[in-house]
Structure formats: structure tokens, C-alpha cells
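Colleague: Got a structure for you, written out below as C-alpha cells; questions coming shortly.
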Amino acid sequence: MIDSGAAPPSRATVGTASLLALGVNGIVGVGIFFTPGVLARLVPGSAGALIYLATALLLVPVAWTVAVLGRALPFDGGPAVWARAAFGETTGALVGWVAVVSALLSAAAVFAGLAQHLTAGSDFPSAAPLTAWATLGALATIAAFGLSPSAWTWNALTIAKLVPLTLLLAMAVAKDSPPSPVSPARPPDFGRALLVALFPLQGFEVVPVLAGSARRGRVALPVATVGALIAAAVLYASLQLVCARALPNLEHEQSPLVAAAGALSGPGFRGLVELGTTVSALGIAFGMVVMTPRYLAALG
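Here my numbering is used: the first residue of the sequence shown is 1, the next is one more, and so on.
If you want it as C-alpha cells, here you go:
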């Protein structure tokens with residue numbers, strides 16, 4: 001039997017649905033609100049949708065691997081637990097601290113960006129940092145009550161961020177607009193397009209970090225990890241198709257999902273999708289607040 005070096009969890013509190021929501025929340029951030037335009041510059045037209053599916057297919061072995069590791073080593077902590085079991089205490093500690101520092105830096109960037117977005121146009125010089133600290137404090141307070149309230153919160157945020165995106169898809173189907181003409185462009189750059197699609201498809205790897213807190217983890221971890229990746233890829237491909245049909249100059253759009261919402265249903269719906277950007281960032285931020293201490297748990 002593999003020795004993880006960690007104490008067994010006292011209670012499994014997170015079910016399959018919440019783990020799946022955690023994975024989707026980790027993947028669906030602000031990137032998808034901007035990526036379609038970048039992708040259209042590399043692979044014009046509806047073919048861009050296939051890039052998300054191809055990238056997800058390449059990532060499935062990665063998702064399966066981390067899920068199997070979490071299933072084999074049912075302890076919170078993720079990379080530190082796995083590295084310790086494979087290479088020993090020193091390597092496990094090193095990998096664990098790298099994961100912690102990376103998570104802290106990523107969280108700082110997300111909170112800073114979210115605060116700048118929320119305080120855009122404010123004349124108060126300290127508005128952004130105060131907003132960042134206030135948001136961090138509020139989310140940390142929720143997380144301090146434990147995993148069960150945290151799971152309910154990230155479930156709610158995941159649903160909230162998916163609502164405007166789902167409505168955008170429904171609006172596109174109802175509108176049934178003809179495809180926008182694709183202007184002549186250079187040959188598709190599939191290699192760079194795969195790298196672009198890789199960014200918004202990351203995040204599924206946080207699911208097995210809660211391996212020690214997962215109920216029925218042997219089934220739940222693979223289902224949630226791989227399922228979140230596939231669900232996000234299908235969503236992204238569908239959104240790319242919507243943007244390609246609704247926006248004749250998609251490759252020049254800075255906020256393509258917001259622009260597509262405006263083109264399909266006017267300024268009101270445009271504002272709803274724009275609000276979805278903020279909710280997505282908030283969901284990512286909360287996920288980081290909850291998960292970063294789990295990396296530390298493996299180092300105790």
C-alpha cells in the first residue's frame with residue numbers, strides 16, 4: 001500500500017455533484033469571455049469550435065490521471081500527496097510549497113483584477129485595494145465555516161455564472177441567424193489555437209485536491225474531474241459557434257460574448273452577459289480561497 005504521509009480524513013463531506021460544480025467553476029472563468037475573438041484570428045469561422053473539443057480530448061488523459069491519483073490516495077492536498085507517495089517526504093514538501101505559492105499568486109492576480117473591474121471609473125485612489133481586501137474577507141469568512149457551506153456557495157456561483165451563458169446559447173438557437181460571412185484570412189494556425197484554448201480549459205485539476213473530503217471518491221473523482229472538462233469543452237465549442245454566427249468581425253472583438261449578446265438581443269441582455277464576467281471571476285476567487293488551504297493541509 002502506498003503511504004501518503006498524511007492523516008486519513010475524519011469525514012467525507014463533498015458529493016459528486018458538488019465536486020463536478022467545483023471543476024466547472026474552476027474551468028469556466030473569465031477566459032471564455034475573451035478567447036473566442038483570439039481563436040477566430042487563428043482559426044476563422046465555425047471551425048474554431050473544434051479547437052476546444054480537440055484540446056479537451058488531449059487533456060482527458062491528464063484529467064483521468066489526476067483523478068486516479070486522487071482515488072488511489074484519498075487525502076486532501078493533491079500534488080504534495082502524490083509527490084510524497086512517489087518520491088518521498090522532501091520532494092512532497094517541495095511540490096507542496098510550489099503548489100501553495102502558485103495558488104497564492106494566482107489568487108492575488110484574480111482578486112486584483114476583480115477589484116479593478118468592480119471599481120472601474122472610481123475616483124477614490126484606494127478603491128481597488130480596499131475592494132480586493134473586502135472581497136477576500138467576505139469569501140474567507142464563508143470558507144471558514146467549513147466545506148459544506150463552501151460547497152453550497154461554489155454550487156450557487158457555478159449556476160449563476162452558467163445562467164447567462166446558457167441563455168446566450170438559447171437566444172442563438174431561437175434567433176436562428178444565418179452564419180456570418182468569414183473574411184479571407186491566412187491559413188489556420190491550429191498549433192497556436194490549441195495553446196490558446198488550453199488556457200480557458202484549465203481548472204479541472206482542483207477536484208482531486210479534495211480527495212480526502214469526497215464521498216464515494218472512487219467513483220466521484222473521475223466522474224467530476226473528467227466530466228467537468230468535457231462539459232466545459234462542449235459549452236465553449238457552442239459559444240464559439242454562437243459568436244461565429246452572430247459577429248461578422250469576431251476576430252476584432254475584445255469582448256465577443258458580450259458583443260454577441262448585444263447583437264442577438266440588445267443592450268439588456270448584453271448587460272446580463274457582462275455581469276456574468278464578474279460572477280465568473282467571483283466564482284474563481286472563491287474556489288481559490290477554499291482550495292489553497294487544502295494544499296497546505298498536506299504539509300502539516
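Backbone N, C-alpha and C fix where the C-beta goes; we use that ideal spot for every residue, glycine too.
Taking all protein chains shown into account, decide if Q240 is buried (16 or more other Cβ within 10 angstroms of its Cβ) or exposed.
Modeller: The residue you call residue 240 lines up with position 240 of the sequence shown. By the 10 Å Cβ count, Q240 comes out buried.
Colleague: Using 8 Å for Cβ pairs, my map puts V67 next to P208. What's the rounded Cβ distance?
Modeller: For this step, residue 67 is matched to residue 67 along the sequence shown. For this step, residue 208 is matched to residue 208 along the sequence shown. According to the sequence displayed, residue 67 carries Ala and not Val. Between P208 and A67 the Cβ distance is about 6 Å, and since that is below 8 Å, they are a contact.
Colleague: For A17, I'd like the list of residues in its chain whose CB is within less than 8 Å of its CB, leaving aside the five on either flank, ordered along the chain.
Modeller: Here residue 17 is taken as the residue at index 17 of the sequence shown, counted from 1. Excluding positions up to five away in sequence, the list reads N155.
Colleague: What is the residue span of the alpha helix (DSSP H) that H117 lies within?
Modeller: Against the sequence shown, residue 117 aligns to sequence position 117. E89 to L118 is the extent of the alpha helix (DSSP H) around H117.
Colleague: Please classify A214: does DSSP put it in a helix, a strand, or coil?
Modeller: Counted from its first residue, the sequence shown places residue 214 at position 214. Residue state, collapsed to three classes: strand.
Colleague: State the Cα-Cα distance for the pair A21 and A197, rounded to the nearest angstrom.
Modeller: Reading the sequence shown from its first residue, position 21 is the one you call residue 21. Reading the sequence shown from its first residue, position 197 is the one you call residue 197. In a straight line, the C-alpha of A21 is about 21 Å away from that of A197.
Colleague: How many whole angstroms separate the CB atoms of G29 and I284, which I take to be in contact at a CB cut-off of 8 Å?
Modeller: Within the sequence shown, numbered from 1, the residue matching residue 29 stands at position 29. Within the sequence shown, numbered from 1, the residue matching residue 284 stands at position 284. Their Cβ separation, rounded to whole angstroms, is 4 Å, which keeps G29 and I284 in contact under 8 Å.
Colleague: Using three-state DSSP, classify V14 as helix, strand or coil.
Modeller: Your numbering for residue 14 matches position 14 in the sequence shown. Residue state, collapsed to three classes: strand.
Colleague: Spatial neighbours of F204 within its chain, please: CB distance less than 7 Å, with the 5 preceding and 5 following residues excluded, ordered by chain position.
Modeller: As a working note, residue 204 is residue 204 in the sequence shown. Closer than 7 Å at Cβ, skipping near neighbours: G23, G26, I27, A63, T225, A228 and L229.
Colleague: For S280, is the classification buried or exposed, using 16 other Cβ atoms within 10 angstroms of its Cβ as the cut-off for buried?
Modeller: Here the question's residue 280 lines up with position 280 in the sequence shown. Buried is the call here.
Colleague: Does the region 259-272 come into contact with the region 78-97, if we say contact requires no fewer than three beta-carbon pairs (one atom in each stretch) closer than 8 Å?
Modeller: Too few Cβ pairs lie closer than 8 Å, so no.
Colleague: My assumption, with CB atoms under 8 Å, is that A231 sits in contact with L221. Please give the rounded CB distance.
Modeller: Against the sequence shown, residue 231 aligns to sequence position 231. Against the sequence shown, residue 221 aligns to sequence position 221. The pair is not a contact, with the Cβ atoms about 16 Å apart (cut-off 8 Å).
Colleague: So, V242 versus A298, is the Cβ gap smaller than 8 Å?
Modeller: Numbered from 1 along the sequence shown, position 242 holds the residue referred to as residue 242. Numbered from 1 along the sequence shown, position 298 holds the residue referred to as residue 298. Not closer than 8 Å, so no.
Colleague: Would you check if the distance between the CB atom of A140 and the CB atom of A115 is smaller than 8 Å?
Modeller: Locating residue 140 in the sequence shown gives position 140, where the first residue counts as 1. Locating residue 115 in the sequence shown gives position 115, where the first residue counts as 1. No, Cβ-Cβ distance for A140 and A115 is not below 8 Å.
Colleague: Rounded C-beta distance between G96 and G77? I'm assuming under 8 Å.
Modeller: Counting from 1 along the sequence shown, the entry for residue 96 is found at position 96. Counting from 1 along the sequence shown, the entry for residue 77 is found at position 77. G96 to G77, Cβ: 7 Å. Contact.
Colleague: Assuming E253 and G37 are in contact, meaning their beta carbons sit under 8 Å apart, how far apart are those beta carbons, in whole angstroms?
Modeller: On the sequence shown, residue 253 is found 253 positions in, with the first residue counted as 1. On the sequence shown, residue 37 is found 37 positions in, with the first residue counted as 1. Contact flag correct, Cβ pair sits at about 4 Å.
Colleague: Quick one: what's got a C-beta closer than 7 Å to G287's C-beta in the same chain, skipping five residues either side?
Modeller: As a first step, residue 287 is located in the sequence shown; it is residue number 287 there, counting from the start. Contacts found: L22, N25, G26, W154 and V206.
Colleague: Looking at V43 and L296, is the spacing between their C-beta atoms short of 8 Å?
Modeller: By 1-based counting over the sequence shown, the position of residue 296 is 296. By 1-based counting over the sequence shown, the position of residue 43 is 43. Not in contact: L296 and V43 (Cβ atoms no closer than 8 Å).
Colleague: Would A194 and T55 be called neighbours here (beta carbons separated by less than 8 Å)?
Modeller: Translated into positions along the sequence shown, residue 194 becomes position 194. Translated into positions along the sequence shown, residue 55 becomes position 55. The sequence as given places Leu at residue 194; Ala does not occur at that position. In this structure, T55 lies closer than 8 Å to L194 by Cβ.
Colleague: Measure the CB-CB distance between A143 and V14 and report whether it falls below 8 Å.
Modeller: Sequence index remark: in the sequence shown, residue 143 carries index 143 (1-based). Sequence index remark: in the sequence shown, residue 14 carries index 14 (1-based). No, these two residues do not count as a Cβ contact at 8 Å.
Colleague: Hey, how far is the Cα of G268 from the Cα of A72?
Modeller: Along the sequence shown, one-based indexing puts residue 268 at 268. Along the sequence shown, one-based indexing puts residue 72 at 72. In a straight line, the C-alpha of G268 is about 49 Å away from that of A72.
Colleague: Cutting at 7 Å between CB atoms, please list the residues of its own chain near S150, excluding the five before and the five after it.
Modeller: To locate residue 150, count along the sequence shown from 1; it is residue 150. Here the set comprises I142, A143 and V290.
Colleague: Tell me the start and end of each unbroken alpha helix (DSSP H) in the region 32-97 that is at least 4 residues and wholly inside, in chain order.
Modeller: Listed in chain order, they are 35-42, 48-72 and 79-87.
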